[in-house]
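Trainee: Residue 146 in full-length UniProt numbering sits at position 146 of the sequence shown; the count goes up by one each step and never skips. Beta carbons are placed, not taken as given, at the ideal position from N, Cα and C, and that holds for glycine. Just so we're clear, the structure is a prediction, and the values are computed from it rather than from any experiment. Could you have a look at this structure, given as structure tokens, before my questions?
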Amino acid sequence: MNDRSDLEVRHGTRTIDGDTVFYRQAGPETAPVLLLPHGYPCSSFQYRRLMPALADRWRTVAPDFPGFGYSGDPARFGYDFDAYATFLERFTDALELDSYALWLHDYGSQIGLRHAIAHPSRIRALIIQNGDIYADALGPKYETIRRFWRDPSPANRAPLEQAVSEDGFRAEFVGEVDDDVARRVPPDLWKLHWPLMDTPVRRALSVGLMEKLKANLDWFPRYQAYLREHRPPAMILWGTKDEYMPEPAARAYLRDLPEAELHLLDDAGHWLLETHFEVALPLVRRFLGKVLH
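Spelled out as structure tokens, the structure:
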């Protein structure tokens, strides 16, 4: 029987390369591990419901990336996808994690797959939730960023800067789904996170990551090659009302992972753990029960 404290989310910090990193974890220390890199514009807070709901059988670990949430803003950190992948390696090494399933969502999919390419023997399975790695399946919301990539003028950069705001964060969380679904999204996601991000350093790194997505496209074939070569057990869990990553972006994974489970939630968007948690949880538990024991 698990100790009651194992079932609760525990919060702590670690020093990684001299910098303070905040993280959450739940579940017994000896249980199989699910690693939870977060997306934008959020932090480990996005997994606050999932973690205790899995803690009876699995250990879940979710760090705040440097420059996000409660982690620090190291001056010498690169704030690009390579730097975050290196951070994930350092973090897992510090916690002595050497085998785990990996959740891929939003920016966390780019960071997580770079980590998987570097350490394929560590990856026991993937849960892929609205994380894009197929250039031909990107949605219409990418057009604003593409316009900047084509012409990086101040006028085209302005919408990226405007998106890094409380209103911009709110739009990321509720701007795509129907009103009845949007009402399930707690305003804490932007009301609490925006004050943490409203600093010159963090606003700049957030815009910078959008700019660096262009270079990240060159990694897409490498991510796909990793999937084809290693064929990790995978579940694709997708909210189809995602204008960055619509349904074709989910189905594209089947090109390289034809045996993956595919679950499309038709009225969910990018943040389905907020709006469709009761639907998603049994799917996640059933998949983990098969691949992570």
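(1) Can you check which of these residues, Y223, L205, P41, P258, is closest to A75 by C-alpha distance?
(2) Using three-state DSSP, classify D180 as helix, strand or coil.
(3) What are the uninterrupted segments assigned as alpha helix (DSSP H) that are 4 or more residues long and contained completely in the stretch 10-71, given in chain order?
(4) Report yes if the CB atom of E166 is closer than 8 Å to the CB atom of W194, and no otherwise.
(5) Counting C-beta neighbours from all protein chains within 10 Å, is the total for E259 16 or more, i.e. buried, or is it exposed?
(6) Can you give the beta carbon distance from I123 to L88, rounded, assuming they're within the 8 Å contact cut?
(7) Grouping DSSP H, G and I as helix and E and B as strand, with all else coil, what is T86?
(8) What ranges does the alpha helix (DSSP H) occupy inside the stretch 141-212, keeping only unbroken runs of at least 4 residues that lie completely in it?
(9) Check each candidate in L138, H119, R203, E8 and name the one with the smallest Cα separation from A158.
(10) I need the DSSP call for G139, collapsed to helix, strand or coil.
(11) Using a beta-carbon distance below 8 Å, is P246 in contact with chain D?
(12) Hey, quick one: how far does the beta strand (DSSP E) through E261 stretch, first residue to last?
(13) Hey, out of E278, L257, Y244, L196, whose CA is closest to G72's CA?
(14) Per the contact definition of three or more C-beta pairs closer than 8 Å, is the stretch 275-288 in contact with the stretch 53-63?
(15) Write down the C-beta distance between L102 and A116 rounded to the nearest angstrom, noting that I regard them as a contact closer than 8 Å.
(16) Whole angstroms is fine: what's the gap from L272's alpha carbon to D178's?
Mentor: On the basis of the supplied data:
(1) L205
(2) helix
(3) The qualifying runs are 50-54.
(4) Against a cut-off of 8 Å, the Cβ pair of W194 and E166 comes out as a contact.
(5) exposed
(6) Not a contact, Cβ separation roughly 12 Å.
(7) The DSSP-derived three-state label of T86 is helix.
(8) 143-150, 154-163, 166-174, 179-182, 188-191, 193-197
(9) R203
(10) Three-state result, G139: coil.
(11) Within the model displayed, chain D is absent; a lone protein chain is all it includes.
(12) 261-269
(13) Out of E278, L257, Y244, L196, L196 has the C-alpha closest to the C-alpha of G72.
(14) Because the criterion of three Cβ pairs below 8 Å is met, the stretch 53-63 and the stretch 275-288 touch.
(15) 6 Å
(16) Rounded to the nearest angstrom, the two C-alpha atoms are 13 Å apart.
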